[in-house]
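A.B. asks: Quick one: the structure is below, questions incoming.
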Amino acid sequence: MKRVIWLLMVMFTYQVATAQDNKITWYSFEEVIDLVEKNPKMILIDVYTDWCGWCKKMDKDTFTDKEVVDYVNHNFYAVKLNAEDKNKKFEFRGKEYSEETMARAMRVSSYPNFVIMDAAMENITQLPGYREPKPFVAALNSLLDNFKN
């Protein structure tokens, strides 16, 4: 019986440990401004609100999927941007923005919404709405393929 309990504890500990390693590296908008200058890479901005149920579902189901985590971390700088946060301020291209005013400047009007920027920090496109893991990776992959050609 002790062996069974010990084995279950080891399995549980392993699952918790691997789940913690399987995360998207999220940056603030201002961190990405510095990062992209040093190492150019495309940017994936998750524009969300605190009340958005589909945003929470993306966080829980899609952004914890190993394939999504690996793909996003390898190909993008990922940013979380709260479309209703008036307090978090940063400077971008000589202007001061809050996360709310940046979301408006990017013309985001539904949530969740994923704004894709190139390494020059120009908006390329938006992917609005909830996405399951495989279709999300497929959409990002298609976008990258089209952008490279």
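Numbering (our numbering), first residue to last: 1259 to 1407. For each residue, glycine too, the CB sits at the ideal point set by N, CA and C.
#1: Select from Met-1360, Lys-1318, Ala-1397 the residue whose C-alpha is nearest the C-alpha of Phe-1287.
#2: Touch check for the stretch 1320-1333 and the stretch 1287-1296: three-plus C-beta pairs under 8 Å?
#3: In this structure, how does DSSP classify Ser-1400 when only helix, strand and coil are distinguished?
#4: Can you check which of these residues, Asp-1308, Pro-1370, Val-1337, Arg-1365, is closest to Asp-1408 by C-alpha distance?
#5: Please report the straight-line C-alpha distance between Gly-1408 and Phe-1405, rounded to a whole angstrom.
#6: For a test of the three-state rule: what should DSSP assign to Lys-1314, helix, strand or coil?
#7: Starting from Asn-1331, trace the beta strand (DSSP E) both ways and give me its first and last residue.
#8: Which residues in the same chain have their Cβ closer than 7 Å to the Cβ of Ala-1378, if we skip the five residues on either side of it in sequence?
#9: Terminal residues of the continuous beta strand (DSSP E) containing Thr-1359?
#10: Measuring alpha carbon to alpha carbon, tell me which of Tyr-1369, Asp-1376, Glu-1349 ends up nearest Asn-1297.
#11: Compute the Euclidean distance between the alpha carbons of Asn-1371 and Asp-1403, then round it to the nearest angstrom.
#12: If you follow the alpha helix (DSSP H) that Val-1290 is in, where does it begin and where does it stop?
C.D. replies: So, from the listed chains and residues:
#1: Between Phe-1287 and the set Met-1360, Lys-1318, Ala-1397, the nearest pair of CA atoms involves Met-1360.
#2: These segments do not touch.
#3: In the structure shown, the three-state DSSP call for Ser-1400 is helix.
#4: The shown model of the chain, from 1259 to 1407, leaves out residue 1408, and the question about it has no answer.
#5: Residue 1408 lies beyond the residue range present for the chain, which begins at 1259 and ends at 1407; the question has no answer from this structure.
#6: It is helical.
#7: No beta strand (DSSP E) holds Asn-1331; the alpha helix (DSSP H) holding it covers 1324-1333.
#8: Excluding positions up to five away in sequence, the list is empty.
#9: For Thr-1359, no beta strand (DSSP E) run applies; the uninterrupted alpha helix (DSSP H) run containing it begins and ends at 1357-1363, by DSSP.
#10: In terms of CA proximity to Asn-1297, Asp-1376 leads the group Tyr-1369, Asp-1376, Glu-1349.
#11: Their Cα atoms are separated by approximately 21 Å.
#12: Note, Val-1290: alpha helix (DSSP H), 1287-1296.
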